[in-house]
Amino acid sequence: MKFNLRRFSSTIFYITQLRVDVFGAGTDTTFASLEWAISELLRNPHTMKELQQEARKIGQGRLTIPEEDIEKMPYLKAVLKEALRLHVPVPLLIPRESTKEVKLLGYDIPAHTQVMINAWAIARDPSIWEEPEEFRPERFLNIRTDYKGFDFELIPFGAGRRMCPGISFAETIMELALANLVYKFEFTLPNEDGLDMTELDSITLHRKFPILVIPTPCE
Ligand code: HEM
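Residue 49 in this note's numbering sits at position 57 of the sequence shown; the count goes up by one each step and never skips.
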C-alpha cells in the first residue's frame, strides 16, 4: 500500500481546522447563550414556571426529555429566541468588506469598505420591538420571526453566505440542555439581592459576574 504524505497532511490539517472551528466558534457562544437564558429565567420566575410546566408535561416522569420531543416545546423555543434577542452573543457579528461600490440609503459606499453590523442594537430597537428591554418569550409565540438569517431584525447567527454554519448544532444543544435542566431541577438564588446582569465587553458577550444558583433535583 502506498503512503501519500501530502494527502495525509492535508487530512490532518482539515481535522485540526474543524476542531478549531467547532471548539473556537461553537463552545463559547453556546455557553454564553445558555447562561443568559438561565439568568433571564431566574429573573422572571413566571417564565421559569411556564417553561417547567411545559417540560414536565412533555417529560411525563421519564429520566430525560429526548431530542425528538423538543419539537413539541414551543415555549422552550420562544425562551431561547428571546434570550438570543436580548443578549446577542456576538454583538457586532464578524466584520465584512464590500466587494464592489454600492449606493445604500442615499450613501455611496466604496468597494473594500469594512462593514460592522450591530446586531445587538437592532435586536433592541424600539421601532422594531415592543418593550425591547423586557424579557418576553411570548412575543415569539404568534409570529414567524426566526434567527435563520431571513428576518434581519433577529440575526444572532448573522445572515447570508457567511452566516454561522453551526446554527442547527447550537440550536439542538441549547434546546436539549435547557429543557432537561428545567425539567430536572428547581433553581434558587443564594441571596435576595437579585442578579447583576452587567455585560462583559468582548467578541462574545458574557456575564460580568458568573451566576451562582442552588439547583435542587425535582422528585
Ligand atoms: C449560540 C451559538 C452560536 C452563535 C450565537 C453563533 C454566532 C455566529 C456568528 C454571529 C457568526 C458570524 C456570522 C456573520 O458574520 O454573518 C458565526 C460564524 C461562525 N460560526 Fe457560529 N455561532 C454559534 C455556534 C456555533 C457552533 C456550535 C459552531 C460549530 C459547531 C459554529 C461555527 C461557526 C463558524 C465556523 C463560523 C465562521 C463562518 C464563516 O466565516 O464562514 N458556531 N457564528
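Glycine included, each C-beta is placed from N, C-alpha and C at the ideal position.
Task: Beta bridge counterpart(s) of THR208 as assigned by DSSP - done: On the sequence shown, residue 208 is found 216 positions in, with the first residue counted as 1. Paired residues: GLU178.
Open item on the list: When you measure from the CB of VAL107 to every non-hydrogen atom of ligand 1, does any distance come out below 7 Å?
Closed with: Taking the first residue of the sequence shown as 1, we reach residue 107 at position 115. No, ligand 1 has no heavy atom inside 7 Å of this Cβ.
Open item on the list: Could you check if VAL94 belongs to the surroundings of ligand 1, using beta carbon to heavy atom distance under 7 Å?
Closed with: Reading the sequence shown from its first residue, position 102 is the one you call residue 94. The nearest non-hydrogen atom of ligand 1 is 7 Å or more from the C-beta of VAL94.
Task: Close beta carbons around LEU10, own chain, < 7 Å, minus the five adjacent residues each side - done: What you label residue 10 is simply residue 18 of the sequence shown in a count that begins at 1. Answer for LEU10: no residue qualifies.
Open item on the list: Between THR91 and ligand 1, is there a pair consisting of the residue's CB and a ligand heavy atom that are separated by less than 7 Å?
Closed with: Reading the sequence shown from its first residue, position 99 is the one you call residue 91. Not under cutoff, so the answer is no.
Task: Classification of CYS156 by the beta-carbon crowding that lies within 10 angstroms, buried from 16 upward - done: As a first step, residue 156 must be located in the sequence shown, where it is residue number 164. The residue is buried, with at least 16 neighbouring Cβ atoms inside 10 Å.
Open item on the list: Helix, strand or coil for ILE203? Go by DSSP, reduced to three states.
Closed with: On the sequence shown, residue 203 is found 211 positions in, with the first residue counted as 1. The answer is coil: DSSP assigns ILE203 none of H, G, I, E or B.
- [ ] Reducing DSSP to helix, strand and coil, say where GLN106 ends up.
- [x] Working through the sequence shown from its first residue, we reach residue 106 at position 114. If DSSP states are grouped into helix, strand and coil, GLN106 belongs with the strands.
Open item on the list: Using the three-state DSSP reduction, which class does LEU197 fall into: helix, strand or coil?
Closed with: In the sequence shown, residue 197 corresponds to position 205, counting from 1. DSSP places LEU197 in the coil class of the three-state scheme, outside both helix and strand.
Task: Three-state class that DSSP yields for GLU191 in the structure shown - done: Position 199 of the sequence shown, counted from the first residue, corresponds to residue 191. In this structure, DSSP gives GLU191 an extended state, which the three-state scheme calls strand.
TODO: Check whether the Cβ atoms of PRO87 and ALA111 sit closer than 8 Å, and answer yes or no.
DONE: Numbered from its first residue, the sequence shown carries residue 87 at position 95. Numbered from its first residue, the sequence shown carries residue 111 at position 119. The criterion of a C-beta distance shorter than 8 Å is not satisfied by PRO87 and ALA111.
Open item on the list: What does DSSP give as the partner residue(s) for GLU89 in the beta ladder?
Closed with: Mapped onto the sequence shown, residue 89 falls at position 97. Answer is GLN106, bridged to GLU89.
- [ ] Would you mind giving the Cβ-Cβ distance between GLU130 and ALA70, rounded to the nearest angstrom? I have them listed as a contact below 8 Å.
- [x] As a first step, residue 130 is located in the sequence shown; it is residue number 138 there, counting from the start. As a first step, residue 70 is located in the sequence shown; it is residue number 78 there, counting from the start. Between ALA70 and GLU130 the Cβ distance is about 7 Å, and since that is below 8 Å, they are a contact.
Open item on the list: Looking at THR180: is its Cβ nearer than 8 Å to the Cβ of ILE206?
Closed with: In the sequence shown, counting from the first residue as 1, residue 180 sits at position 188. In the sequence shown, counting from the first residue as 1, residue 206 sits at position 214. Annotated as proximal: THR180 and ILE206, with beta-carbon spacing under 8 Å.
Open item on the list: Less than 8 Å between the C-beta atoms of TYR139 and LEU76, yes or no?
Closed with: As a first step, residue 139 is located in the sequence shown; it is residue number 147 there, counting from the start. As a first step, residue 76 is located in the sequence shown; it is residue number 84 there, counting from the start. Their beta carbons are under 8 Å apart, which means TYR139 touches LEU76 by this criterion.
TODO: Let me know the secondary structure DSSP gives LEU78 once reduced to three states.
DONE: For the purposes of this step, residue 78 is taken as the residue at position 86 of the sequence shown. Three-state DSSP puts LEU78 in a helix.
Open item on the list: In whole angstroms, give me the CA-to-CA distance for VAL107 and PRO81.
Closed with: Residue numbering aside, residue 107 sits at position 115 when the sequence shown is read from its first letter. Residue numbering aside, residue 81 sits at position 89 when the sequence shown is read from its first letter. Cα to Cα, VAL107 sits roughly 18 Å from PRO81.
Task: Straight-line Cα distance separating HIS79 from PRO37 - done: The count along the sequence shown starts at 1 and reaches residue 37 at position 45. The count along the sequence shown starts at 1 and reaches residue 79 at position 87. Approximately 18 Å between the Cα atoms of the pair.
TODO: Using three-state DSSP, classify LYS73 as helix, strand or coil.
DONE: Within the sequence shown, residue 73 is the residue found at index 81, counting from 1. DSSP places LYS73 in helix when its eight states are reduced to three.
Open item on the list: I need the boundaries of the alpha helix (DSSP H) containing ILE114, first residue and last residue.
Closed with: In the sequence shown, residue 114 corresponds to position 122, counting from 1. DSSP places ILE114 inside the alpha helix (DSSP H), whose first and last residues are 111 to 114.
- [ ] Tell me whether ASP117 sits in a helix, a strand or coil according to DSSP, three-state version.
- [x] As a working note, residue 117 is residue 125 in the sequence shown. In this structure, ASP117 counts as coil in the three-state DSSP scheme.
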